[in-house]
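Engineer:
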Amino acid sequence: MYAPAVAFASLITGIALTGVAQAAPSSESTSAHLPAVVVTAVGREHPIQDVIAPVEVIDRATIETFSGSSVTELLRFATGTATFSSGSTESVRLRGFGANQTLVLVDGQRRASRFGGQNLATLAVSEIERIEVIRGPMSALYGADALGGVVNIITRRAQANGEADLRIVAGSAEGAGRDTVQTSIGVGLVSAGTSHWLNGEYRTRAAVAERNSPQDRLNEHTLAAFSYRGHADLASQHWLEWSLEYQDQDDSGTRYIAPRGPAPGSTYSGIEREERHFAGLRLNGTPTETLDYHLALGHSHTDGAARRQPNLIETTDFRLTQLDARMNRQLGAHLLSLSAGGLREVIDINTNSRKAERDNHYLLAQNEWRLPANVNAIFGVRYDDYSDFGSTVNPRAGATWQLGNAQLRVNYGTGFRAPSSLEQYSSFVRGNSLITGNPELEPETARMTDIGWRWLRRDGSLDIGVYESHVDDLIASERTGEVRDGLNVLQYRNVERARLRGLEAAIAQRITDWLDISLRYDYLDARDRDSDARLTGRARHSGKATVGMQASNWRTELRALRIVDFYNNEGPGIEPVDRNYARLDLYAERLLRRQWRVFAGIDNLLDRADPDTAARSITTDPGTRYYWAGIRWQTR
């Protein structure tokens, strides 16, 4: 079993080390350097070192070192993240909060998704410029669902006329198939005052069969994605941006029904499909050096279908419209920010008891204040009014104290999450359970504190922080004790008061001109405040490491992940258990000519089977050792 992996890994490593030994050191920045990118907040971009929050940026150079099969693989090695994938559905969680408590944005706005939840599987990796991971209390800035933080995906824009980027990748999983082909192409056009970026991606992955079972563990996966983004200068310091997106996911696989009584077992064809459209328009301006404004309008529509029972296709029709207006004014030592906007959601799921409509209007005021003695403070408050849950006010306060290269920060904020339509009105079968909604649910609320210390230099950084979050009225599915048609009935209820405590540490350092390392450690203690029992579906310890080597025409990366004490909920009535998991990923690339490069990688080099991370057997994709290689051509 290990022979092919050893041979492939030896080839990659040997080539990379040869390149390092023979080539001159590269002057290009690598992962240990302070990123040149910036983080978007209240419509304005800030240097990363000025953000009063723990933040991490995954830039385009880092994204290129992954196979590109999913967005979750890009987030897997970031601080404070936990990623989950079942092939057809992917999600990310921050600081022990659930997927529905972690807000995912694309260019600062939401996207509609099947069942109204979070699904990163429909996003094309090739159109991502960078990913901003902002951890901590963000509801006062971004609104509901940002209890654990925000993942903001920034898309690519044209940089030069005639710019083109073509990437072809093929891969296969050892002993499991999952044969994969990915093709993407992007073209940029730039003229006086205008720019255009067109991007297309097609991805297909074969199904993975369940061991000792007639059903597929992972569906056959197909994604076709196209996008167009443009820019036009209107007048001096005023410009217009627009975007169009289309994604079509079409997954299918064999499902098995176990025998019941005299009835024999049988199979049927399961499906997971989603077609999504988005159109957006942005007007931006900086009339003076001390004033800027941003107006953004976006509309997203998804049409989804899933067959998880032989005689029922669950359908989703979800329409989401968002309008945001932001203004920033610099007044001496104060940066005043005002925002207003609204969000309208109309979601119709055929298994729900009713069609759900929700309007959310908000006002946001914030003041960033530069005080003497290198102290920066931030005070903000957000007012939200929901058509179905009334109003809520969430404040935020934070400060940093700069001491040379070191920075001390503290943040406090509150959060709010309204129940989703699925949690209120659903009725669907998963395994041997019937899960039902509850119209009487109360919103979740949270109070969060974050204290950290950050040290920045040109050749490295160190960030250490601790946090504590208290969540009231946490929504979870709970057994009712009722059995209906042989199915255990579960209902969404406000069942828990949770406490999430944790520690995060991250260090990145350039050792030599060609060698970088980064180390990350996360500790999480997630408990029910009433019973003091651990919350399931979370790891107590997570360690992540990356070693990168780069020369003039070579680059290689070795990534390691270790999870200890993942408290695993294996099913109703079964006592949760702790699980451990480790994986090692290897990547190498070579620049052949100015415009051509080849690359290869092995994911899960040790071929470790990760534990199921939920009662419904969600696992990483593909769950075994995975080989991949490709070629890229770009004009710059």
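With mature numbering (1 follows the signal peptide of the UniProt record, and there is no 0) applied, the sequence shown covers -23 to -1, 1 to 613. Quick reminder that beta carbons are idealized off the backbone N, C-alpha and C, glycines included.
Select from Ser508, Thr601, Ala482 the residue whose C-alpha is nearest the C-alpha of Arg112.
Structural biologist: Here residue 112 refers to the residue found at position 135 of the sequence shown. Nearest of Ser508, Thr601, Ala482 to Arg112, Cα basis: Ala482.
Engineer: Based on the DSSP secondary-structure assignment, which residues constitute the bridge partners of Asn327?
Structural biologist: Your numbering for residue 327 matches position 350 in the sequence shown. Partner(s): none; Asn327 has no beta bridge.
Engineer: Does DSSP classify Gly93 as helix, strand or coil?
Structural biologist: Your numbering for residue 93 matches position 116 in the sequence shown. Three-state DSSP puts Gly93 in a helix.
Engineer: Just to confirm the assignment: which complete alpha helix (DSSP H) runs, minimum length 4, are found wholly within the segment 291 to 342?
Structural biologist: Here no run is fully enclosed.
Engineer: Less than 8 Å between the CB atoms is what I'm expecting for Ala186 and Asp193, so what's the real figure, rounded?
Structural biologist: By 1-based counting over the sequence shown, the position of residue 186 is 209. By 1-based counting over the sequence shown, the position of residue 193 is 216. Between Asp193 and Ala186 the Cβ distance is about 6 Å, and since that is below 8 Å, they are a contact.
Engineer: Going by alpha carbons, who is nearest to Gln78 out of Arg70, Ala184, His447?
Structural biologist: As a working mapping, residue 78 is identified with position 101 in the sequence shown. Taking only the C-alpha atoms, the option nearest Gln78 is Arg70.
Engineer: Near Ala209, what residues of its chain come up, given a Cβ to Cβ distance below 7 Å and the 5 sequence neighbours on each side ignored?
Structural biologist: Numbered from its first residue, the sequence shown carries residue 209 at position 232. Counting only Cβ-Cβ distances below 7 Å, and skipping sequence neighbours, we find Gly170, Thr171, Trp216, Leu217.
Engineer: Based on the DSSP output, what are the partners of Asp490 in its beta bridges?
Structural biologist: Along the sequence shown, read from residue 1 onward, the residue named residue 490 stands at position 513. Answer is none; Asp490 lacks a bridge partner.
Engineer: Between the Cα of Val443 and those of Val387, Asp436, Ala453, spot the shortest distance and give me the residue it belongs to.
Structural biologist: Within the sequence shown, residue 443 is the residue found at index 466, counting from 1. When each option's Cα is compared against that of Val443, the closest is Val387.
Engineer: Quick check: what's the CA-CA separation for Gly64 versus Arg232?
Structural biologist: Here residue 64 refers to the residue found at position 87 of the sequence shown. Here residue 232 refers to the residue found at position 255 of the sequence shown. The straight-line gap from Cα to Cα measures roughly 15 Å.
Engineer: Looking at C-beta atoms only, is the number of pairs between the segment 277 to 285 and the segment 87 to 95 that lie closer than 8 Å three or more?
Structural biologist: Enough Cβ pairs lie closer than 8 Å, so yes.
Engineer: Quick one, are the C-beta atoms of Ser397 and Gly93 less than 8 Å apart?
Structural biologist: On the sequence shown, residue 397 is found 420 positions in, with the first residue counted as 1. On the sequence shown, residue 93 is found 116 positions in, with the first residue counted as 1. Closer than 8 Å, so yes.
Engineer: In angstroms with no decimal places, state the Cα-to-Cα distance between Tyr558 and Leu501.
Structural biologist: Residue 558 sits at position 581 when you count from the first residue of the sequence shown. Residue 501 sits at position 524 when you count from the first residue of the sequence shown. Straight-line Cα distance between these residues: approximately 16 Å.
Engineer: Given this structure, state the Cα-to-Cα distance separating Thr426 from Pro114, to the nearest angstrom.
Structural biologist: As a position in the sequence shown, residue 426 is number 449, starting the count at 1. As a position in the sequence shown, residue 114 is number 137, starting the count at 1. Each residue's alpha carbon lies about 7 Å from the other.
Engineer: Alpha helix (DSSP H) containing Glu400: first to last residue?
Structural biologist: Locating residue 400 in the sequence shown gives position 423, where the first residue counts as 1. From DSSP, the alpha helix (DSSP H) with Glu400 extends over 398 to 402.
Engineer: Thinking just about the alpha-carbon of each residue, which of Leu451, Phe393, Ala485, Ile579 is nearest to the one in Leu118?
Structural biologist: Locating residue 118 in the sequence shown gives position 141, counting from the first residue. Answer by Cα proximity: Phe393.
Engineer: List the DSSP bridge partners of Thr231.
Structural biologist: Locating residue 231 in the sequence shown gives position 254, where the first residue counts as 1. Paired residues: Ser246.
Engineer: Among the candidates Ile105, Asp27, Thr42, whose CA atom is the shortest distance from the CA of Ala606?
Structural biologist: Working through the sequence shown from its first residue, we reach residue 606 at position 629. The shortest C-alpha separation from Ala606 is found at Thr42.
Engineer: Asn261: which of His271, Ala121, His254, Arg253 sits nearest, CA to CA?
Structural biologist: As a first step, residue 261 must be located in the sequence shown, where it is residue number 284. The option with the nearest alpha carbon to Asn261 is His271.
Engineer: Could you pull out every residue in the same chain whose Cβ sits closer than 6 Å to the Cβ of Phe576, ignoring the five residues on either side in sequence?
Structural biologist: By one-based count along the sequence shown, residue 576 stands at place 599. So the list reads Glu566, Gly607, once near-sequence residues are dropped.
Engineer: Just confirm the distance between the C-beta atoms of Asn337 and Gly319, as a whole number of angstroms; I'd bet it's less than 8 Å.
Structural biologist: Here residue 337 is taken as the residue at index 360 of the sequence shown, counted from 1. Here residue 319 is taken as the residue at index 342 of the sequence shown, counted from 1. Confirmed, Cβ separation roughly 6 Å.
Engineer: Can you give me the C-alpha to C-alpha distance between Glu445 and Trp432, rounded to a whole angstrom?
Structural biologist: Within the sequence shown, the letter at position 468 stands for residue 445. Within the sequence shown, the letter at position 455 stands for residue 432. The alpha-carbon atoms of Glu445 and Trp432 are separated by roughly 22 Å.
Engineer: Quick one: using the 10 Å Cβ neighbour count with 16 as the cut-off for buried, is Ile290 buried or exposed?
Structural biologist: Residue 290 sits at position 313 when you count from the first residue of the sequence shown. Burial call: exposed.
Engineer: If I measure Cβ to Cβ from Leu313 and keep anything under 6 Å in the same chain, skipping five residues before and after, which residues do I get?
Structural biologist: Mapped onto the sequence shown, residue 313 falls at position 336. Excluding residues within five positions, the ones whose Cβ falls inside 6 Å are Arg306, Asn344.
Engineer: For Asp493, does the count of other Cβ atoms within 10 angstroms reach 16, so buried, or fall short, so exposed?
Structural biologist: Position 516 of the sequence shown, counting from 1, holds the residue named residue 493. By the 10 Å Cβ count, Asp493 comes out buried.
Engineer: Since I believe Arg517 is in contact with Val541 (beta carbons under 8 Å), could you give me their beta-carbon distance rounded to a whole number of angstroms?
Structural biologist: If you number the sequence shown from 1, residue 541 lands on position 564. If you number the sequence shown from 1, residue 517 lands on position 540. The Cβ separation is near 6 Å, so the contact holds.
Engineer: Write down the C-beta distance between Glu106 and Arg133 rounded to the nearest angstrom, noting that I regard them as a contact closer than 8 Å.
Structural biologist: Stepping through the sequence shown from its first residue, residue 106 is reached at position 129. Stepping through the sequence shown from its first residue, residue 133 is reached at position 156. Their Cβ separation, rounded to whole angstroms, is 4 Å, which keeps Glu106 and Arg133 in contact under 8 Å.
Engineer: Of the choices Arg155, Gly152, Leu175, Ala153, whose alpha-carbon is the least far from that of Gly163?
Structural biologist: By one-based count along the sequence shown, residue 163 stands at place 186. The shortest C-alpha separation from Gly163 is found at Leu175.
Engineer: Who are Tyr286's beta bridge partners in DSSP?
Structural biologist: Indexing the sequence shown from 1 puts residue 286 at position 309. For the sequence presented, residue 286 should be read as Gln rather than Tyr. The partner list for Gln286 (beta bridge, DSSP) reads Leu289.
Engineer: Near Leu52, what residues of its chain come up, given a Cβ to Cβ distance below 6 Å and the 5 sequence neighbours on each side ignored?
Structural biologist: One-based indexing of the sequence shown puts residue 52 at position 75. If we look at Leu52 and ignore the five residues flanking it on each side, its Cβ neighbours are Thr58, Thr60, Val69.
Engineer: Is the CB-CB distance between Tyr564 and Thr601 below 8 Å?
Structural biologist: Here residue 564 refers to the residue found at position 587 when the sequence shown is read from its first residue. Here residue 601 refers to the residue found at position 624 when the sequence shown is read from its first residue. For Tyr564 and Thr601, no; Cβs fall outside 8 Å.
Engineer: Using alpha carbons as the reference points, say which of Asp228, Glu252, Thr263 lies closest to Ser246.
Structural biologist: Counted from its first residue, the sequence shown places residue 246 at position 269. Answer by Cα proximity: Asp228.
Engineer: Excluding the 5 residues flanking Thr422 on each side, which residues of the same chain have their C-beta closer than 6 Å to its C-beta?
Structural biologist: Sequence index remark: in the sequence shown, residue 422 carries index 445 (1-based). Counting only Cβ-Cβ distances below 6 Å, and skipping sequence neighbours, we find Phe393, Asp449.
Engineer: What residues match up with Leu268 in a beta bridge as DSSP calls it?
Structural biologist: On the sequence shown, position 291 is the one that residue 268 refers to. The partner list for Leu268 (beta bridge, DSSP) reads Thr265, Arg306.
Engineer: Grouping DSSP H, G and I as helix and E and B as strand, with all else coil, what is Arg434?
Structural biologist: Along the sequence shown, read from residue 1 onward, the residue named residue 434 stands at position 457. Arg434: strand per DSSP, three-state reduction.
Engineer: Between Gln226, Leu538, Gln379, Asp325, which lies nearest to Asn96 when the distance is taken from Cα to Cα?
Structural biologist: Mapped onto the sequence shown, residue 96 falls at position 119. Out of Gln226, Leu538, Gln379, Asp325, Gln226 has the C-alpha closest to the C-alpha of Asn96.
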